[in-house]
Amino acid sequence: MRISYMAGNWKMNNTRSEALSLVKELLDNGSFKNKILVAPSFTALDAVAKVVEGTDLILGAQNMSTDESGAHTGEISPLMLKDLGVEVVILGHSERRAIYGETDIIVNTKIHLALKHKLDVIFCIGETLEERESGIAEKIVTDQVVEGLKEISENELSAITIAYEPVWAIGTGKTATPEDADDIHKIIRRKIEDLYSKDAADKIIIQYGGSVKPSNVKELMAKPNIDGALVGGAALKAETFIPIMEYNK
Ligand code: PGA
1 MRISYMAGNW KMNNTRSEAL SLVKELLDNG SFKNKILVAP SFTALDAVAK
51 VVEGTDLILG AQNMSTDESG AHTGEISPLM LKDLGVEVVI LGHSERRAIY
101 GETDIIVNTK IHLALKHKLD VIFCIGETLE ERESGIAEKI VTDQVVEGLK
151 EISENELSAI TIAYEPVWAI GTGKTATPED ADDIHKIIRR KIEDLYSKDA
201 ADKIIIQYGG SVKPSNVKEL MAKPNIDGAL VGGAALKAET FIPIMEYNK
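Counted the way the numbering used here counts, the sequence shown spans residues 1 to 249.
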């Protein structure tokens, strides 16, 4: 049995004080039976870390440098994240890929570096609308899995969660149907079996992302291959994120 893992990616939203009030609301009013993570912006991580310390709410970062230190103006090292108490880093988000030119090679480099520093990873993959309409969604996501996990051992894989986020469903209000999402999750799981083992495929947590909200979370989570959600917009308010955290309450 895989656990349910619900993660909120706040993207470039919330000042420190807004981040603190949101996280306090989640802690005061939410329950943490499922695995729950929030990923604030870099500037709010320190403040949020102090509040979540010793609670069941896991702290994540939204990105990380390919390098540990050095001449990388504007970048954040895994050592800096660890220093703040960050436990998980989201890597390969489609916005990073599309807007900031992150390739599979860059994502793979970051995954290796995160694991070296004992950061867990939420590894994002997903096809664009154009790719889906031309019938290559399956190839795109399996290629992203193969390239992103290059030279990652089965042992290391246990620190990785995959987030399947069809790009056309992110922030658009359009959700993949639970059936379509589950089909791709099944394909990803089969690829993990090919690359590693049946045991690895059975264990890996695969989140769905793209316009997850209180009204659709239950039907998505009812699918056998969907183990959690990576949530953007609906994670910005306690009133919409708590029902997602507690979808099975
Ligand atoms: P969304 O974002 O829930 O606003 O669609 C999801 C994501 O980008 O992780």
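From the three backbone atoms N, C-alpha and C, an ideal C-beta is built for every residue, glycine too.
CA-CA distance, residue 138 to residue 192, rounds to 14 Å. For residue 161, the secondary structure class from DSSP, reduced to helix, strand or coil, is strand. Here DSSP, grouped into helix, strand and coil, assigns residue 225 to coil. Separation of residue 179 and residue 223 (C-alpha to C-alpha, rounded to the nearest whole angstrom) is 8 Å.
With a cutoff of 8 Å on beta-carbon distance, residue 244 and residue 6 are scored as near each other. An exposed status is given to residue 155, since fewer than 16 other beta-carbon atoms sit within 10 Å of its beta-carbon. Within the region 167 to 244, the complete beta strand (DSSP E) segments at least 3 residues long are 206 to 209, 228 to 231, listed from N- to C-terminus.
Under DSSP, no beta-bridge partner is assigned to residue 84.
For residue 9, the distance from the CB to the nearest heavy atom of ligand 1 is below 7 Å. Going by beta carbons, residue 119 and residue 163 fall outside the 8 Å limit.
The way I'd put it, the region 27 to 40 doesn't touch the region 66 to 76; fewer than three beta-carbon pairs between them come closer than 8 Å. In this structure, residue 141 places its C-beta atom within 8 Å of the C-beta atom of residue 184. Here the C-alpha atom of residue 128 lies approximately 13 Å from the C-alpha atom of residue 209. For residue 101, the distance from the CB to the nearest heavy atom of ligand 1 is not below 7 Å.
Taking a 10 Å sphere around the C-beta of residue 211, we find 16 or more other C-beta atoms and assign the residue as buried. Taken from the Cβ of residue 234, at least one heavy atom of ligand 1 lies inside 7 Å.
Within 10 angstroms of the beta-carbon of residue 99 lie fewer than 16 other beta-carbons, which makes it exposed. Per the DSSP secondary-structure output, residue 32 pairs with nothing in a beta bridge. For the pair residue 31 and residue 71, the Cα-to-Cα distance works out to about 42 Å. Residue side-chain check: residue 231 places its Cβ nearer than 7 Å to a non-hydrogen atom of ligand 1.
Closest option to residue 171, judged by alpha-carbon separation, among 146, 213, 220, 45: 213. Here residue 81 really is in contact with residue 89; their C-beta atoms are around 6 Å apart, less than 8 Å. The criterion of a C-beta distance shorter than 8 Å is not satisfied by residue 18 and residue 238. The beta-carbon distance between residue 195 and residue 149, rounded to whole angstroms, is 7 Å. This is short enough to meet the 8 Å contact definition.
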